[in-house]
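Going letter by letter, the sequence shown gives residues 29 to 193 in the working numbering.
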Amino acid sequence: MLRQPLPFILGGLILTAFLILSAAPALASDSADPAGSVKSFTGVAQVTRQGTAPAALKPGDRIFEKDVLTTDAVGSLGLIMRDNSLVSLGPGSRLVVERFLFAPEKGALASLLRVAKGSAACVTGEIAKLSPDSVKVMTPTASIGIRGTHFLVNVDEASAEKEGR
């Protein structure tokens, strides 16, 4: 029976662990479920992800939890969420996808959007049908529980300034 020297075995284990751990962040970001995707836009529409600079959006781009979505003064943005909800942002808007979870087979449902500025129109999807209490929209001055199928939120400049955005 061949005996491997202990330092050689330990070195191999350390190298393997390093390779696995260094690949973990990339694997985690690739496997994260998107909250939705961009369907359409006009003007300038951007996304800011934690720790990154704003990036232009285009149809097909995926949207994730914690993304901050903005439109310029003449822009608009149309999103389709994973539960088939539709979200439209008007000019000069800022929306944060605070929480989005759609795993009905596990009973895990949540949609929490924060309209920090501007306007957003929504048509609810599967989450609202399966668990209406799991859909919420926040503004700088109110928190809205959803009971219907479509709604419009408008946050004026004075309210947006209260939030500091």
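All residues carry an ideal CB built from backbone N, CA and C; glycine is no exception.
Original post:
Using CA coordinates, which residue listed in I108, S147 and S121 is at the minimum distance from S139?
Top reply: Here residue 139 corresponds to residue number 111 of the sequence shown, with the count starting at 1. Comparing Cα positions, the closest option is I108.
Original post:
With 16 other CB atoms within 10 Å as the buried threshold, where does G64 fall?
Top reply: Counting from one through the sequence shown, the residue named residue 64 turns up at place 36. The residue in question, G64, is buried, as its Cβ has 16 or more Cβ neighbours within 10 Å.
Original post:
Looking at D89 and V66, is the spacing between their C-beta atoms short of 8 Å?
Top reply: Translated into positions along the sequence shown, residue 66 becomes position 38. Translated into positions along the sequence shown, residue 89 becomes position 61. The answer is yes: Cβ separation under 8 Å.
**OP:** Can you tell me which of the three DSSP states K157 falls into?
**Re:** One-based indexing of the sequence shown puts residue 157 at position 129. K157: helix per DSSP, three-state reduction.
Original post:
Does the segment 148-160 come within contact of the segment 104-120, defined as at least 3 CB pairs closer than 8 Å?
Top reply: yes
**OP:** Please go through the same chain and pick out, in chain order, the residues whose beta-carbon is closer than 6 Å to the beta-carbon of L43, but skip the five residues on each side of it.
**Re:** In the sequence shown, counting from the first residue as 1, residue 43 sits at position 15. Reliability of the predicted coordinates at L43 is poor, the pLDDT of 41 falling under 50, and no value is obtained from them.
Subject >> Cα-Cα separation, D61 to K134 >> reply: What you label residue 61 is simply residue 33 of the sequence shown in a count that begins at 1. What you label residue 134 is simply residue 106 of the sequence shown in a count that begins at 1. Each residue's alpha carbon lies about 15 Å from the other.
Subject >> Environment of D95 [buried if 16+ CB atoms lie within 10 Å] >> reply: Taking the first residue of the sequence shown as position 1, residue 95 is located at position 67. Counting Cβ neighbours within 10 Å, D95 comes out buried, since at least 16 surround it.
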